[in-house]
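Visitor:
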Amino acid sequence: MPAQGPPRTVTPLSIGGSIRNFDAWSSNRLQNLPISVLKDAVVGIDAGNYLKKIIDGPGTKEPLVPALGGFPFSLKNKIEDDLAQWHQAGIKPLFVFSGIQFLRTDKASSTSEVAAKNRSVAWQLYDIGHATQAVEAFGDSGSLQPVEVYRFLRQILLENNVDFQVAPYAAWAQLVYLERHPKQFIDAIFGPAEVFFYDVDKVITGFSFPRASFSCLNKKAIMQDLGGLNHEQFIDACILSGFDFCPTLPILEKQNSSLFKTCLDFLKTCRSATGIVNQYSESPAIKDSGYLDKYRRARLAIKHQPILTDEGYIEPMNIDDAPGDMHEFMGNRLPEEVYFYLSRGVIGSSVLDMIVSGELHELPPLDAGENESYRVFLEGLQTVRAQSLALLSQPLQHWWNSRKINVIYWYDKPNPRPIIYKDLSAGLYESTSTWNVKESVFATALAAHPGNSLLGFAITGLTDKDLAAKTHTTKSNENLLKTTNEVVLNVFWRTLRLREFIDKDHLLTPWGKVLSTALGTLDHNDELEEACYLGIELLRAKMLRADPNTLNQYSGRDADRRYCSLISRVASLGKLRHNSIGYTGPLSRTLLTHNSIIRLMSKSLENLLQMVLTSLLMNGDADRNDRSDWKQIGLAIPFVEDINAGLGIAVKTYLDELTNTEDPTSYETRLKIQKDQLIPQMFVQSIDVMADVNKAFRLWDAIMSGIKAAPEGLVTDAAKFAEADAWLKARRPVS
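In terms of our numbering, the sequence shown is residues 80 to 814.
(1) State buried or exposed for Pro81, treating a residue as buried only when at least 16 other CB atoms are found within 10 Å of its CB.
(2) Which same chain residues end up closer than 8 Å to Gly437 when comparing Cβ atoms and leaving out the 5 residues on each side of it in sequence?
(3) State yes or no: is the C-beta of Ala781 within less than 8 Å of the C-beta of Ala597?
(4) Taking just the CA atoms, how far does Glu802 sit from Leu630?
(5) Determine the extent of the beta strand (DSSP E) in which Asp266 is found, giving its start and end residues.
(6) For my contact list, Thr795 and Lys554 are in at a C-beta cut-off of 8 Å; report their separation, rounded to the angstrom.
(7) DSSP on Ser467, reduced to helix/strand/coil?
(8) Just the Cα atoms here: how many angstroms apart are Thr523 and Gly540?
(9) Rounding to the nearest angstrom, what Cα-Cα distance links Thr669 and Ala526 in this structure?
(10) Answer yes if the stretch 288-299 comes into contact with the stretch 319-328, meaning at least three C-beta pairs across the two stretches below 8 Å, and no otherwise.
(11) Taking the continuous alpha helix (DSSP H) assigned at Glu747, which residues delimit it?
(12) Just reading off the alpha helix (DSSP H) that Pro113 is part of, what are its end residues?
(13) Taking the continuous alpha helix (DSSP H) assigned at Gly285, which residues delimit it?
(14) With a 10 Å radius around its C-beta and 16 neighbouring C-beta atoms as the bar for buried, classify Gln253 as buried or exposed.
(15) Taking three-plus beta-carbon pairs below 8 Å as touching, is the stretch 217-236 in contact with the stretch 148-156?
(16) State the CB to CB distance for the pair Tyr490 and Gly448, rounded to an integer number of angstroms; the pair is presumed to be in contact (CB under 8 Å).
(17) Taking only three categories from DSSP, how would you classify Ser644?
(18) Let me know the secondary structure DSSP gives Asp491 once reduced to three states.
(19) Hey, quick one: how far does the alpha helix (DSSP H) through Val255 stretch, first residue to last?
(20) Taking the straight line between their C-alpha atoms, what separation do you get for Leu204 and Glu609?
(21) Assuming Val516 is part of the beta strand (DSSP E), what are its boundary residues?
(22) Bridge partners of Ala701, per DSSP?
(23) How far does the beta strand (DSSP E) with Pro171 in it extend, from its first residue to its last?
(24) Could you check whether Ser667 and Leu470 sit closer than 8 Å to each other, using their CB atoms as the reference points?
(25) What three-state label does DSSP hand Asn485 in the structure shown?
(26) Kindly list the residues whose CB is nearer than 7 Å to the CB of Ala291, restricted to its own chain and excluding five residues on each side of it in sequence; keep chain order.
(27) Closest by CA to Lys820, which one among Gly727, Val520, Asp702 and Leu568?
(28) To the nearest angstrom, how far is it from the Cα of Leu793 to the Cα of Leu617?
(29) Roughly how many whole angstroms lie between the Cα atoms of Gln764 and Glu238?
(30) What does the Cβ neighbour count give for Thr327, buried or exposed, with the cut at 16 atoms within 10 Å?
(31) Under the three-state reduction of DSSP, which class applies to Leu594: helix, strand or coil?
(32) Residues in the same chain with beta-carbon distance under 7 Å from Pro812, minus the five sequence neighbours each way, listed in chain order, please.
(33) Throw me the rounded Cβ distance for the Ala465 and Ile499 pair, which I believe falls under 8 Å.
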């Protein structure tokens with residue numbers, strides 16, 4: 080029997096399509112057809128809508144993702160299974176990802192804040208021992224947004240030879256263009272209700288492979304059920320219900336189950352959204368909301384949504400009557416070249432979103448953002464964000480270099496912080512432009528270390544001063560970067576220069592030597608280069624440390640807690656191998672907080688790497704003609720997958736279990752905990768938890784080797800690491 084606890088106050092989060100309540104309203108209007116109908120068809124798939132159905136769908140949702148971080152363990156298998164099923168059915172999928180998000184609403188912010196409160200309730204239940212109810216509460220709290228999984232999905236698609244493209248803005252508009260085009264690039268659309276904003280007959284809403292069928296909505300059936308309303312009024316009902324471009328009509332915000340029907344009923348009386356807003360204009364909820372302006376902007380954005388044409392141009396739908404002030408509702412237009420890199424998946428949209436919208440909204444992390452160290456680190460990222468924006472703006476028109484951009488923090492919304500990047504633009508590119516190294520220079524050295532990743536080689540290769548001297552090059556028409564390795568490796572070198580691991584003479588700085596030593600210690604089969612690099616970045620930022628609550632001078636078991644905290648945080652940089660099923664096992668809120676810091680650093684570095692790549696390409700440092708490796712280049716940028724706190728929790732659990740024994744360092748004690756199934760039973764779906772714990776300790780060894788190589792005073796907590804290392808030596812698993 081599940082433990083009975085106090086009643087939960089958990090606010091449900093909407094799941095499914097982005098038009099609120101439309102899925103519920105239309106559920107009894109679905110048509111089911113045999114999957115054989117789609118044999119030999121090309122089906123265009125809205126990638127975000129597809130991912131949302133997996134992440135939050137019944138049967139595939141993993142409730143403890145918000146408590147653990149990272150991606151669902153079953154996500155990759157589920158995607159690959161779908162791809163195999165489509166292939167078996169003779170269906171060719173074409174995935175389309177959404178691009179720049181300009182028209183922002185408060186939906187993401189308000190939803191994330193509700194989710195944070197729900198997770199706080201879940202942690203309270205977990206802390207008092209009501210595990211079953213805590214799992215349910217975590218499952219209700221929501222966390223992962225599809226955009227966070229885009230690169231991971233693209234990697235899977237590339238591995239399985241499945242085509243994809245990225246729309247300049249909304250994926251659903253791009254899909255409509257592909258279907259309506261005279262060449263009919265796709266035969267059907269699998270996507271959200273927004274597709275019906277346009278002249279589309281049917282939209283696929285889901286596949287049931289066990290039943291060999293799929294479900295779809297028919298536009299005619301929908302229109303027949305509207306009670307005499309026309310297509311324009313249908314669009315109004317969708318906007319009033321609320322979707323990504325426009326919030327819900329304020330007087331209806333608290334409605335849920337019958338929201339869409341209520342909007343339809345309003346329109347039957349008032350005939351238009353403008354009429355409804357005017358009728359309730361004196362309502363306190365509407366009076367100061369500026370809703371009518373938001374509605375009008377959303378209306379125009381729908382009608383004139385930009386798409387990527389088959390000839391490579393960015394132009395609005397209904398181009399013949401597009402207004403001249405589209406920047407008012409879609410933001411200023413970027414150069415075609417930027418949209419090209421976006422469309423091929425070379426870069427993501429995060430930094431583009433910032434520069435087009437002028438805003439970055441920081442939402443609460445998985446632990447609800449109550450930890451002060453997270454907030455301090457968050458605000459300390461202004462420098463790397465400024466570098467990313469400067470690299471992007473430098474090759475653009477001068478106007479972009481003066482664009483005002485503010486960061487809005489969920490905990491201090493009235494006081495946005497500006498990102499100052501104007502004075503960095505020219506200098507940053509100049510400081511990196513001496514890296515234009517051809518493969519003829521580094522090929523021999525790279526071949527001599529076949530296990531090295533390009534990221535690892537970028538830093539360890541420079542320990543050879545002869546090679547370092549040869550890397551000092553300038554761009555010319557004769558030495559444009561051509562191969563994939565040339566482009567990717569020079570992006571890494573330029574980024575490491577900006578991160579101050581390499582100096583202007585292409586030699587390692589003191590921190591570069593720390594990183595090089597750490598990377599050079601790794602077993603390449605462990606694939607820990609990214610984890611190790613992240614660890615050194617966090618060490619330099621003074622964020623790789625024990626839980627601040629254990630930093631006082633303790634003795635006895637309190638010292639054990641401090642050492643365990645530090646070691647498990649290093650372990651959290653690695654990956655726990657797990658079966659394709661939801662997590663069951665211990666949780667740790669402090670390690671979840673640390674996981675949020677890891678993710679914050681990795682996303683910031685990912686953005687910087689992408690903007691270094693953009694800078695390299697737009698400044699003409701690489702050959703951009705007839706390349707076929709755009710997608711490979713984009714996915715060569717590190718941090719494709721978010722890591723969860725699972726391995727840190729496994730290491731913490733192992734060390735805690737030792738500490739709770741009479742003789743934690745004895746051979747017999749260690750053997751009992753690792754061999755007598757104590758730890759494996761606590762991580763029952765782990766593939767080999769003790770093998771992963773040992774790998775985490777090898778990561779610890781690598782970072783320790785870097786710390787030991789650092790000059791005195793460089794690493795603030797070097798002494799604490801040394802103490803923890805000595806403590807750990809007697810507690811390692813037995814061979």
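Just so you know, even glycine gets a beta-carbon here, dropped at the ideal spot from N, CA and C. Remember, it's a predicted structure, so these values are computed and weren't measured experimentally.
Guide: Answer, in terms of the structure:
(1) Low local confidence applies: a pLDDT of 32 at Pro81 is under 50, so the model's placement there is unreliable, and no value is given.
(2) Arg482, Lys483, Ile484 and Asn485
(3) yes
(4) Annotation note: pLDDT 48 at Leu630 (below 50); position unreliable, no value reported.
(5) No beta strand (DSSP E) holds Asp266; DSSP gives it neither H nor E.
(6) No, Thr795 and Lys554 are not in contact; Cβ-Cβ is about 39 Å, not under 8 Å.
(7) helix
(8) 11 Å
(9) 42 Å
(10) no
(11) Tyr746 to Lys754
(12) Per DSSP, Pro113 belongs to no alpha helix (DSSP H); it is in the beta strand (DSSP E), Gln110 to Pro113.
(13) Note, Gly285: premise wrong, no alpha helix (DSSP H); beta strand (DSSP E) at Lys281 to Ser287.
(14) buried
(15) yes
(16) 7 Å
(17) helix
(18) coil
(19) Ala250 to Arg259
(20) 35 Å
(21) Here Val516 belongs to no beta strand (DSSP E), and DSSP marks it neither H nor E.
(22) Leu560
(23) According to the sequence shown, residue 171 is Lys rather than Pro. Start and end: Lys171 to Phe176.
(24) no
(25) strand
(26) Pro113 and Ile114
(27) This structure leaves residue 820 out entirely; the chain is present only between 80 and 814.
(28) 13 Å
(29) 26 Å
(30) buried
(31) helix
(32) Arg749, Gln753, Met769, Val772 and Asn773
(33) 6 Å
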